[in-house]
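A.B. asks: First residue of the sequence shown? That's 1 in full-length UniProt numbering, and the numbers climb one at a time after it. Quick one: the structure is below, and I'll ask about it shortly.
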Amino acid sequence: MRYSPRETHRELREQLGVFALGHGDAEERATVRSHLNKCAACRGELSELAKVVALLAAVGPANLRQV
Ligand SMILES: [Zn+2]
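Have a look at this one:
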């Protein structure tokens, strides 16, 4: 797959959630990581997502209904 930088950015933003959850295959994760090295906007987005993921992990799926 070949993307222009703009398309890469858009695709990567869609994958950030998966990445933040620790999902995706090795190739996808490597692609996300290399984009993060070049893209401050995605790094910021990922740090926001990481906070949400940490929050969800702390709450636990069983407790989500009460939130
Ligand atoms: Zn980006």
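All residues carry an ideal CB built from backbone N, CA and C; glycine is no exception.
Report the three-state DSSP secondary structure of Leu49 (helix, strand or coil).
C.D. replies: Residue state, collapsed to three classes: helix.
A.B. asks: Quick one: residues with CB closer than 6 angstroms to any heavy atom of ligand 1, in chain order, please.
C.D. replies: For ligand 1, the selected residues are His9, Leu12, His35, Cys39, Ala41, Cys42.
A.B. asks: Suppose the cutoff is 7 angstroms on Cβ atoms and the five residues either side in sequence are ignored; what does the same chain contact list for Thr8 look like?
C.D. replies: The answer, listed in chain order, is His35.
A.B. asks: Any idea if Ala20 is buried or exposed, counting beta-carbon neighbours within 10 angstroms, 16 or more meaning buried?
C.D. replies: Ala20 should be labelled buried.
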